[in-house]
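Working notes, structure below.
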């Protein structure tokens, strides 16, 4: 950890293009702090399962210290910083000329579940106001792009401003924005942004396809924000965003999550959705699932029934008996 109690950035964290932010061993990553918190918390149940309660306690203590450090040293007033350079200069701050705001420090403040709720809401509002371009159908990674400032974050600055990581849409991170809104319970915004970055919606007309230029049936790794090429797709068939997009749609919006032999139904949908249905095959067994939203909510499950047997939770135990089981989910706050 560095001078601000944050994880060291090294020669790149998730964004390998920022390879000189911390290559001298002192730069720190705010995003990596949120990610570390998430990883540590995920390991605690495994520690318990393996009889290592001591290790689980250690991880929780580290998680708490990192959370305190972020809230103390990485809040910029309306959003969270992205990092600190080796010399202690902040990145992703209103003090910067370039990269005043970076999306992943904001989205992961929500995804981690660790941020102060009021700050997280403000951070996501800042993300939307500064990085979402509905006109171009993109969610930018950062803004403004590296161009006129004196900071040297790494090879990211070698990209044309508004292209790839340097202020274009990097789809991997764009999907995290969708997931963050779903985790906040804002189903209207989650679906709106899911549809905004869905490639099929970039090619519905000849004119749109002439701008987008790449396949409409796969996720592009990046989409340009630079005029006159704004909205043009970059690398396709080459991105982890595809898996994240599937996760965002199936797990975070439709709320279908399988953990071991348990099925969890936890939707976050637009309030206007009255109902939808899913069919899930579990080995030789079929689950016909209908989700109904009589109260017009975005999130919350009032009750679940399996073959007309009611449960006061949003989880059911899966059985492989070769039958068809009818599941009805009633949403409500």
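In our numbering, the protein residues as written are 157 to 489.
All C-beta atoms, glycine included, are put in the ideal place defined by N, C-alpha and C.
Only a predicted model underlies this, so the values are computations on that prediction, with no experimental measurement involved.
query: What residue does the beta strand (DSSP E) around residue 353 start on, and which one ends it?; result: Here residue 353 belongs to no beta strand (DSSP E); instead the alpha helix (DSSP H) covers 343 to 353.
query: For the stretch 364 to 372 and the stretch 295 to 304, state whether three or more C-beta atom pairs, one from each stretch, are separated by less than 8 Å.; result: no
query: Is it a yes or a no for the stretch 388 to 402 touching the stretch 416 to 423, going by three-plus beta-carbon pairs under 8 Å?; result: no
query: How many angstroms separate the CA atom of residue 198 from the CA atom of residue 266?; result: 15 Å
query: In the DSSP assignment, what residue or residues form a beta bridge with residue 164?; result: 184
query: Looking only at its chain, what residues have a beta carbon closer than 6 Å to the beta carbon of residue 228, apart from the 5 residues adjacent to it on each side?; result: none
query: Taking one C-beta from the stretch 271 to 281 and one from the stretch 204 to 220 each time, how about it: are there three or more such pairs within less than 8 Å?; result: no
query: Excluding sequence positions up to five away, which residues of its chain have a Cβ less than 7 Å from the Cβ of residue 311?; result: 173 and 175
query: Classify residue 191 as helix, strand or coil using the three-state DSSP reduction.; result: helix
query: Out of curiosity, what's the CA-to-CA distance linking residue 188 and residue 236?; result: 12 Å
query: Only counting the same chain, and skipping five residues up and downstream in sequence, which positions put a Cβ closer than 7 Å to that of residue 351?; result: 357
query: For residue 470, which residues in the same chain have their Cβ closer than 7 Å to its Cβ, ignoring the five residues on either side in sequence?; result: 420, 421, 422, 457 and 460
query: Excluding the 5 residues flanking residue 319 on each side, which residues of the same chain have their C-beta closer than 6 Å to its C-beta?; result: 380 and 382
query: Check whether the stretch 427 to 435 touches the stretch 466 to 481, taking contact to mean three or more Cβ pairs, one atom from each stretch, closer than 8 Å.; result: no
query: Kindly indicate which residue of 485, 306 and 292 has the alpha-carbon position closest to the one of residue 411.; result: 485
query: So residue 165 and residue 183 are supposed to be a Cβ contact under 8 Å. How far apart are they, rounded?; result: 4 Å
query: Could you work out which residue in 169, 339 and 205 is closest to residue 490 when comparing CA atoms only?; result: This structure gives no information on residue 490, because the portion of the chain shown stretches from 157 to 489.
query: Output the distance between the C-alpha atoms of residue 444 and residue 330, rounded to the nearest integer angstrom.; result: 32 Å
query: Which first and last residues belong to the beta strand (DSSP E) in which residue 487 is found?; result: 480 to 487
query: Within 10 angstroms of the Cβ of residue 321, are there 16 or more other Cβ atoms? Answer buried if so, exposed if not.; result: buried
query: May I have the straight-line CA-CA distance separating residue 389 from residue 326, to the nearest angstrom?; result: 10 Å
query: Give me the residue from 255, 354, 489 and 308 with the minimum Cα distance to residue 243.; result: 308
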